[in-house]
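Mapping of the sequence shown onto this note's numbering: residues 3 to 224, in sequence order. From the three backbone atoms N, C-alpha and C, an ideal C-beta is built for every residue, glycine too.
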Amino acid sequence: MSTLTAATPATTDHAPRRGAATTLAVLTALAVVGGLVAPDRTQGSGMDGMSMTHYMGLLAVQQPWNLLLFMAIPVILAETLAITELVILFARPAPSWVHGLSRWAGLLAGPVMVAILVHLLRHAVIPLTLDGGWRGPADVIAVLAYLLGAVPMVGLSLVAAGLIARDERHARKLHVVFVAVFLVVAHVAMIAGMLDPAVMGWTQGGGQHEMPGGTMMPGMRH
Numbered sequence: 003m004s005t006l007t008a009a010t011p012a013t014t015d016h017a018p019r020r021g022a023a024t025t026l027a028v029l030t031a032l033a034v035v036g037g038l039v040a041p042d043r044t045q046g047s048g049m050d051g052m053s054m055t056h057y058m059g060l061l062a063v064q065q066p067w068n069l070l071l072f073m074a075i076p077v078i079l080a081e082t083l084a085i086t087e088l089v090i091l092f093a094r095p096a097p098s099w100v101h102g103l104s105r106w107a108g109l110l111a112g113p114v115m116v117a118i119l120v121h122l123l124r125h126a127v128i129p130l131t132l133d134g135g136w137r138g139p140a141d142v143i144a145v146l147a148y149l150l151g152a153v154p155m156v157g158l159s160l161v162a163a164g165l166i167a168r169d170e171r172h173a174r175k176l177h178v179v180f181v182a183v184f185l186v187v188a189h190v191a192m193i194a195g196m197l198d199p200a201v202m203g204w205t206q207g208g209g210q211h212e213m214p215g216g217t218m219m220p221g222m223r224h
């Protein structure tokens, strides 16, 4: 996305980019398929014996890959978007590679979180809800706040594809808002996720969650 210059009206059209929109559609479709067919990432050996939320358990198992997939990649994309946004706003004109980096980070942000959302809904949220495996309010807040991060990330992808902004000024505003919302919900998820679920009333005796066949759900055998 090009930044505004002194010679560019504030109402410059922010028309949909056909190529970017097509790329986003393909990436999103691949993300959904990948989230559905990928091997279950929510199980494995972790920090046995500790009382923790499923959020923390997810990051603890299958190290270091879960930490990279579920934490590092989304946060790096969001921080890349935040930094490039500052450069675009304050360095006029910003280098073309900054615009390109921002656009590609935006296009990837939505599909990445869609893949995570689909995968965790299938392997964690739905089974935990059906079988009563949640570990109290802290557990629910952490997981749901994390998954809510998919909303602003999808919004960033739609902005990058030129699908929802009226003009460049509107695109910049939406960009800033979506990045801010993602960072807020991500930090809510981290704070609640690091909390011992017992602090908010969960008792260890009711926290074991087994799947058919006796395997523990999801990777948090604590």
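In angstroms, rounded to a whole number, what distance separates the CA positions of residue i and residue j?
{"i": "Q45", "j": "G59", "result": "9 Å"}
{"i": "A33", "j": "A188", "result": "20 Å"}
{"i": "A147", "j": "V186", "result": "9 Å"}
{"i": "L88", "j": "P199", "result": "37 Å"}
{"i": "R171", "j": "H177", "result": "10 Å"}
{"i": "A27", "j": "G134", "result": "35 Å"}
{"i": "A40", "j": "R94", "result": "43 Å"}
{"i": "G51", "j": "Q206", "result": "The predicted position of G51 is uncertain, since its pLDDT is 49 and thus under 50; a value taken from the coordinates is nonetheless stated next. Approximately 10 Å, taken between the alpha carbons."}
{"i": "E127", "j": "L61", "result": "Residue 127 is actually Val in this sequence, not Glu. So the two alpha carbons sit approximately 15 Å from each other."}
{"i": "M73", "j": "L79", "result": "10 Å"}
{"i": "L38", "j": "R20", "result": "27 Å"}
{"i": "L149", "j": "A107", "result": "19 Å"}
{"i": "H56", "j": "P97", "result": "42 Å"}
{"i": "A2", "j": "V35", "result": "Look at the range of the chain in this structure, 3 to 224, and you will see that residue 2 is not part of it."}
{"i": "A22", "j": "V63", "result": "35 Å"}
{"i": "I166", "j": "T25", "result": "16 Å"}
{"i": "L71", "j": "V77", "result": "10 Å"}
{"i": "W204", "j": "L130", "result": "15 Å"}
{"i": "F184", "j": "W67", "result": "22 Å"}
{"i": "M49", "j": "W99", "result": "Its pLDDT being 45, under 50, M49 is placed unreliably in this model, and the value from its coordinates should be taken loosely. When rounded, the distance between both Cα atoms is 42 Å."}
{"i": "L160", "j": "S53", "result": "39 Å"}
Within 10 Å of its beta-carbon, does residue i have 16 or more other beta-carbons around it, so buried, or fewer, so exposed?
{"i": "S104", "result": "buried"}
{"i": "V201", "result": "exposed"}
{"i": "P11", "result": "Reliability of the predicted coordinates at P11 is poor, the pLDDT of 44 falling under 50, and no value is obtained from them."}
{"i": "I143", "result": "buried"}
{"i": "E81", "result": "exposed"}
{"i": "V145", "result": "buried"}
{"i": "M3", "result": "With a pLDDT of 44 at M3, under the threshold of 50, the modelled position of that residue is not reliable, and the figure given next carries that caveat. Per the 10 Å Cβ criterion, buried."}
{"i": "W136", "result": "buried"}
{"i": "F92", "result": "exposed"}
{"i": "L132", "result": "exposed"}
{"i": "A194", "result": "buried"}
Assuming residue i and residue j are in contact, meaning their beta carbons sit under 8 Å apart, how far apart are those beta carbons, in whole angstroms?
{"i": "A152", "j": "L109", "result": "So it is not a contact: roughly 15 Å between Cβ atoms."}
{"i": "I85", "j": "H101", "result": "With 8 Å as the limit, I85 and H101 do not qualify as a contact, their Cβ atoms being about 13 Å apart."}
{"i": "A140", "j": "L197", "result": "5 Å"}
{"i": "R43", "j": "H121", "result": "7 Å"}
{"i": "A111", "j": "L69", "result": "About 19 Å; that fails the 8 Å criterion."}
Q | Three or more C-beta pairs below 8 Å linking the segment 152 to 169 and the segment 113 to 127 | A | yes
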